[in-house]
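Here is the structure we will look at.
Shown next, in the form of structure tokens:
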């Protein structure tokens, strides 16, 4: 199935469940991140280290928006969730209206962002699983995507990425020359076949 068709179908089902039964969808990797709160706490630390005050926040590949609802909007000058699935954005908007949330939402392809996004500079850019999904379409798209991130990021801004496919060393390698590794969020370590690893990697890179 075409990847976009898959996501449209997935979020359409979540949308229908929300409208009919008031059921909220899942946040990606929530079982490993305390429902996303570990990453939110990580972001709060970085935000304070960045300016000590408010800053802008862009989520690339926001999906149903569940993660963004965990953020305290009063700590940011603006929060924008972007996803190329119209069903995902429709669902996020519906949830946002019910929560009376000030978060803004935009249906757009990350490779064809409108001027309201591309002409701005973002202090924090967040990616949870988007890099993983793009990599399924080829390594060239990964390079193109990371260049989009670099172009959008403000000087000294943070790119925070969570991946289930990449190790920390691999993330550092593919971002070499573009962004500098700053710090990572630690997860429980598992051991298998004499090797150590973690289910997820969350790392912050600075421009």
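Numbering (my numbering), first residue to last: 9 to 215.
Beta carbons: idealized from backbone N, C-alpha and C, even for Gly.
Predicted model, so just to flag it, every value in this text is computed and none were measured.
Beta-carbon to beta-carbon, residue 187 and residue 213 are separated by about 4 Å, close enough to satisfy the 8 Å threshold. Relative to residue 86, the option among 66, 105, 154, 124 whose CA is nearest is 66. In its chain, beyond the 5 residues on either side, 86, 87, 88, 89 have a beta carbon closer than 8 Å to the beta carbon of residue 112. In this structure, residue 93 places its C-beta atom within 9 Å of the C-beta atom of residue 71. Contact between residue 136 and residue 170 is confirmed by a C-beta separation of about 4 Å, below the 8 Å threshold.
Segment contact: the region 101-117 against the region 128-144, fewer than three CB-CB distances shorter than 8 Å; contact not assigned. The residues 134, 212, in chain order, have a CB closer than 6 Å to that of residue 168 in the same chain once the five nearest residues on each side in sequence are set aside.
In this structure, residue 91 lies away from residue 120, with their beta-carbon atoms at least 9 Å apart.
Inter-residue distance for residue 78 and residue 147 is about 32 Å (C-alpha atoms, whole angstroms).
Pairing residue 64 with residue 50 gives a Cβ-Cβ distance that is not under 9 Å.
When beta bridges are read from the DSSP output, residue 135 appears opposite 169.
Here residue 144 is exposed, its C-beta having fewer than 16 other C-beta atoms within 10 Å. Looking at the backbone, the Cα of residue 46 and that of residue 123 are separated by about 32 Å.
In the DSSP assignment, residue 53 falls within the alpha helix (DSSP H) that extends over 45-58.
The three-state secondary structure of residue 196, taken from DSSP, is coil. Residue 150 and residue 138 have their C-alpha atoms spaced approximately 10 Å apart.
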